[in-house]
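Working notes, structure below.
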Amino acid sequence: MSDEPEIPLKELLSALQKERDNLHGSYADIAQMFKEICEHPEKSWVHPVFVAGLSDLSAPNGLGKARNAGWRFLVQHGSKRNYAVELEPNPKGDGYAFAELDKGPFIDGMCDILENNEIAEKINSGKFKLTVLRLNAMRIYALWLRSDKPAKDIIIVIPPGPAYLKTWPDVYNIKGFESALKTAAKRMVKMNSRSV
27 MSDEPEIPLK ELLSALQKER DNLHGSYADI AQMFKEICEH PEKSWVHPVF
77 VAGLSDLSAP NGLGKARNAG WRFLVQHGSK RNYAVELEPN PKGDGYAFAE
127 LDKGPFIDGM CDILENNEIA EKINSGKFKL TVLRLNAMRI YALWLRSDKP
177 AKDIIIVIPP GPAYLKTWPD VYNIKGFESA LKTAAKRMVK MNSRSV
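All letters in the sequence shown, in the order written, are residues 27 to 222 by the working numbering.
Pasting the structure below:
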């Protein structure tokens with residue numbers, strides 16, 4: 027995990043507070059959610075979001091090319107609905123800005139997986155760092171539990187996933203996950219090159 031990014035918590039909370047202060051009064055519920063995150067960030071599973079493209083995934087060591095695209099907080103709010111609050115780096119590189127508020131089956135699935143005692147223990151013990159892996163072109167969201175030794179990393183595809191992948195409660199190591207993705211990624215790259 028030596029290449030694992032440190033959580034820039036102060037900068038993230040500052041950006042969230044700024045967004046909260048600029049929200050129109052009709053968004054009072056969202057402002058309250060942001061306030062709860064700022065007051066108790068330790069309850070929000072803050073984690074990096076990594077992304078990779080089709081060309082990355084169709085090549086050897088595809089996940090090694092994944093890049094940090096931002097940070098997320100998970101929060102339950104209102105009627106215990108699960109939300110993800112995502113922040114991304116400013117274009118100037120001088121901080122972070124609110125990017126999106128998300129809810130739906132991937133967020134609910136992610137929260138369900140994190141409630142699993144075995145998974146929570148792996149993260150809370152410090153042996154693994156929680157990361158989200160977002161493969162937009164393939165419509166795949168996964169939890170990537172990163173270890174000091176990449177061979178021990180665990181990847182959990184959040185349902186719903188494509189038919190060629192096993193979803194939670196099944197898990198992958200990096201090699202198995204890259205192998206399961208490679209054929210579909212190559213096929214999609216080929217299809218995209220034909221449509222250009």
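Cβ atoms here follow ideal geometry from the backbone N, Cα and C, with glycine treated the same way.
On a predicted model such as this, the values are computed, not experimentally measured, just so you know.
Using the Cα positions of residue i and residue j, report the straight-line distance between them to the nearest angstrom.
i, j, result
"M27", "S52", "Interpretation of M27 is limited by its pLDDT of 45, a score under 50 that renders its predicted location unreliable; the figure taken from the coordinates is listed afterwards. For M27 and S52, the distance between alpha carbons rounds to 42 Å."
"L42", "L35", "10 Å"
"D196", "G152", "22 Å"
"A146", "G96", "22 Å"
"L38", "A211", "33 Å"
"I56", "H103", "9 Å"
"M136", "L169", "7 Å"
"V215", "S81", "7 Å"
"S219", "F124", "33 Å"
"P115", "Y122", "4 Å"
"G79", "C64", "32 Å"
"P117", "L100", "24 Å"
"S105", "A206", "37 Å"
"K178", "P131", "27 Å"
"V77", "N87", "14 Å"
"K62", "A85", "A small fix is needed here, since residue 62 is Glu in this sequence, not Lys. About 42 Å."
"N143", "S40", "32 Å"
"V183", "N150", "20 Å"
Can you check whether the CB of residue j is closer than 9 Å to the CB of residue i?
i, j, result
"R165", "K129", "no"
"W194", "D138", "yes"
"L49", "K208", "no"
"V75", "E32", "no"
"L171", "K148", "yes"
Can you give the beta carbon distance from residue i to residue j, rounded, assuming they're within the 8 Å contact cut?
i, j, result
"H73", "R98", "6 Å"
"P185", "I200", "At roughly 20 Å, the Cβ-Cβ gap does not stay under 8 Å, so P185 and I200 are not in contact."
"I181", "Y167", "Wrong, their Cβ atoms sit about 11 Å apart, outside the cutoff."
"A110", "I133", "5 Å"
Tell me whether residue i is buried or exposed, calling it buried when 16 or more other Cβ atoms sit within 10 Å of its Cβ.
i, result
"G187", "buried"
"S119", "Checking the sequence, you will find Gly at residue 119 rather than Ser. So G119 counts as exposed."
"Y190", "exposed"
"K155", "buried"
"M59", "buried"
"D174", "exposed"
"R160", "buried"
"G90", "exposed"
"R213", "exposed"
"G202", "exposed"
"D47", "exposed"
"E45", "buried"
"E204", "buried"
What runs of the beta strand (DSSP E), each 3 residues or longer, lie entirely inside the segment 41-122? 73-77, 93-103 and 107-115
Ranges of the beta strand (DSSP E) found wholly within the segment 173-212, counting only runs of at least 3: 180-183
Entirely within the segment 121-167 and at least 3 residues each: give me those beta strand (DSSP E) ranges in chain order. 122-128 and 155-161
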